[in-house]
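Asker:
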Amino acid sequence: MFSTALALLRTPVHATIFPYPWATTLHASRISMVFHTNLRNTNSRLSWGAHLLGFLLMCWGGSLTSHLLLSLPPPQLYALGPWINYSAVHLLFTVLFHYFPIPDPSIHKHSSLPSRWTSPLPLLVTSPLFHFILGATASAGGGLLGGTFSLWTPNWQFSTPPPLRTGVWGFWSTLDIWAGGVVAVTYGILAGHPAFLPLRTSFAAKPLPVVNAQTTAAAIMVVLFGLRVAAMASKAAKAPVAAKEKVKTQ
Numbered sequence: 002m003f004s005t006a007l008a009l010l011r012t013p014v015h016a017t018i019f020p021y022p023w024a025t026t027l028h029a030s031r032i033s034m035v036f037h038t039n040l041r042n043t044n045s046r047l048s049w050g051a052h053l054l055g056f057l058l059m060c061w062g063g064s065l066t067s068h069l070l071l072s073l074p075p076p077q078l079y080a081l082g083p084w085i086n087y088s089a090v091h092l093l094f095t096v097l098f099h100y101f102p103i104p105d106p107s108i109h110k111h112s113s114l115p116s117r118w119t120s121p122l123p124l125l126v127t128s129p130l131f132h133f134i135l136g137a138t139a140s141a142g143g144g145l146l147g148g149t150f151s152l153w154t155p156n157w158q159f160s161t162p163p164p165l166r167t168g169v170w171g172f173w174s175t176l177d178i179w180a181g182g183v184v185a186v187t188y189g190i191l192a193g194h195p196a197f198l199p200l201r202t203s204f205a206a207k208p209l210p211v212v213n214a215q216t217t218a219a220a221i222m223v224v225l226f227g228l229r230v231a232a233m234a235s236k237a238a239k240a241p242v243a244a245k246e247k248v249k250t251q
């Protein structure tokens with residue numbers, strides 16, 4: 002099932018009209034919903050330039066940072082495809098949300114699965130820690146960039162990254178960060194990346210095909226975010242009960 006879904010995400014939305022993958026299109030749609038939700042909650046009025054650029058930075062924060070860590074040029078510097086793909090989706094959603102309510106963006110959660118990363122620096126290629134950091138960066142870079150600079154407000158300014166703010170730090174609230182690292186490491190181990198060769202040797206396990214490794218990593222990501230949804234729902238259900246008990250004891 003997951004392998005079929007991954008294959009579908011790589012196919013273009015339409016071969017002629019919109020020849021961009023479903024994966025990036027769905028990613029753009031989710032970030033657009035998040036951006037518009039934050040924009041509505043803060044009652045901000047942005048110029049078209051700030052509106053579009055803030056959205057693109059939220060979308061590409063992880064990609065730009067991970068390419069920087071790999072000493073590779075990001076596709077946005079040499080290809081028009083990403084600009085057209087993401088801008089078109091955001092403009093469409095901007096028009097739609099002007100007339101219709103914004104749905105819950107959490108139902109469209111999508112994180113890019115790691116592929117075979119390459120880097121000119123052998124020290125990084127053979128480092129398991131770097132794989133974890135790279136996965137976390139690719140997964141949460143855009144969200145951290147958006148929250149740190151409040152890209153949905155008229156005046157961008159540097160502030161404490163959201164996970165480090167008082168009352169925010171926690172196991173589930175930081176899932177966007179560490180889950181990406183876990184998925185990257187899992188993929189590296191299963192696919193037989195040289196960085197994890199000692200671990201694989203100790204278990205005498207053979208590498209899986211790339212598709213199977215990606216499928217397993219995707220399943221782990223789905224399970225982790227599913228558990229967070231369940232945990233947050235349970236916490237939300239207990240909150241009114243705790244409030245009533247507090248009132249009774251006063």
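Under our numbering, the residue at position 84 of the sequence shown is numbered 85, and the numbers go up by one with no gaps.
Each residue gets a CB set at the ideal place from its N, CA and C atoms; glycine is no exception.
#1: Please work out which residues of its chain come closer than 8 Å, Cβ to Cβ, to Pro163, disregarding the five sequence neighbours upstream and downstream, and give them in chain order.
#2: Per DSSP, which one or two residues make a beta bridge with Pro13?
#3: With 16 as the cutoff for other CB atoms within 10 Å, does Arg31 come out buried or exposed?
#4: Buried or exposed for Thr167, please, with buried defined as at least 16 other CB atoms from any protein chain shown within 10 angstroms of its CB.
#5: Excluding sequence positions up to five away, which residues of its chain have a Cβ less than 7 Å from the Cβ of Ala141?
#6: Quick check: the Cα distance between Leu7 and Pro195, rounded to an integer number of angstroms?
#7: In angstroms with no decimal places, state the Cα-to-Cα distance between Ala24 and Pro76.
#8: Candidates Thr43, Phe98, Phe172, Pro22: which alpha carbon is nearest Thr12's?
#9: How would you label Met233, buried or exposed, when you count the other beta carbons within 10 angstroms and need 16 or more for buried?
#10: Please report the straight-line C-alpha distance between Phe1 and Leu198, rounded to a whole angstrom.
#11: Alpha carbon to alpha carbon, how far is Ala29 from Cys60?
#12: Alpha helix (DSSP H) containing Leu93: first to last residue?
#13: Comparing alpha-carbon positions, which option in Leu152, His99, Gly189 lies nearest Pro129?
#14: Can you tell which of Thr127, Val186, Leu78, Ser151 has its C-alpha closest to the C-alpha of Ala218?
Answerer: According to the data block:
#1: For Pro163, the CB contacts under 8 Å within the same chain, skipping 5 residues up- and downstream, are Gly144, Leu145, Gly148, Thr149, Val169 in chain order.
#2: In DSSP, Pro13 forms a bridge with Pro22.
#3: Around the Cβ of Arg31, a 10 Å sphere holds 16 or more other Cβ atoms; the residue is buried.
#4: That one is exposed.
#5: Within the same chain, and ignoring the five residues on either side of Ala141 in sequence, the residues whose Cβ sits closer than 7 Å to its Cβ are Gly63, Asp177, Ile178, Gly181.
#6: The straight-line gap from Cα to Cα measures roughly 24 Å.
#7: Cα to Cα, Ala24 sits roughly 16 Å from Pro76.
#8: Proximity to Thr12 across Thr43, Phe98, Phe172, Pro22 peaks at Pro22, based on C-alpha coordinates.
#9: Met233 is exposed by the Cβ-count criterion.
#10: Nothing in the structure corresponds to residue 1, since the chain is present only between 2 and 251.
#11: So the alpha carbons of these two residues sit roughly 7 Å apart.
#12: First-last of the alpha helix (DSSP H) with Leu93: 82-100.
#13: Just measuring C-alpha positions, the residue of Leu152, His99, Gly189 sitting nearest Pro129 is Gly189.
#14: Each of Thr127, Val186, Leu78, Ser151 was checked against the Cα of Ala218, and the nearest Cα belongs to Val186.
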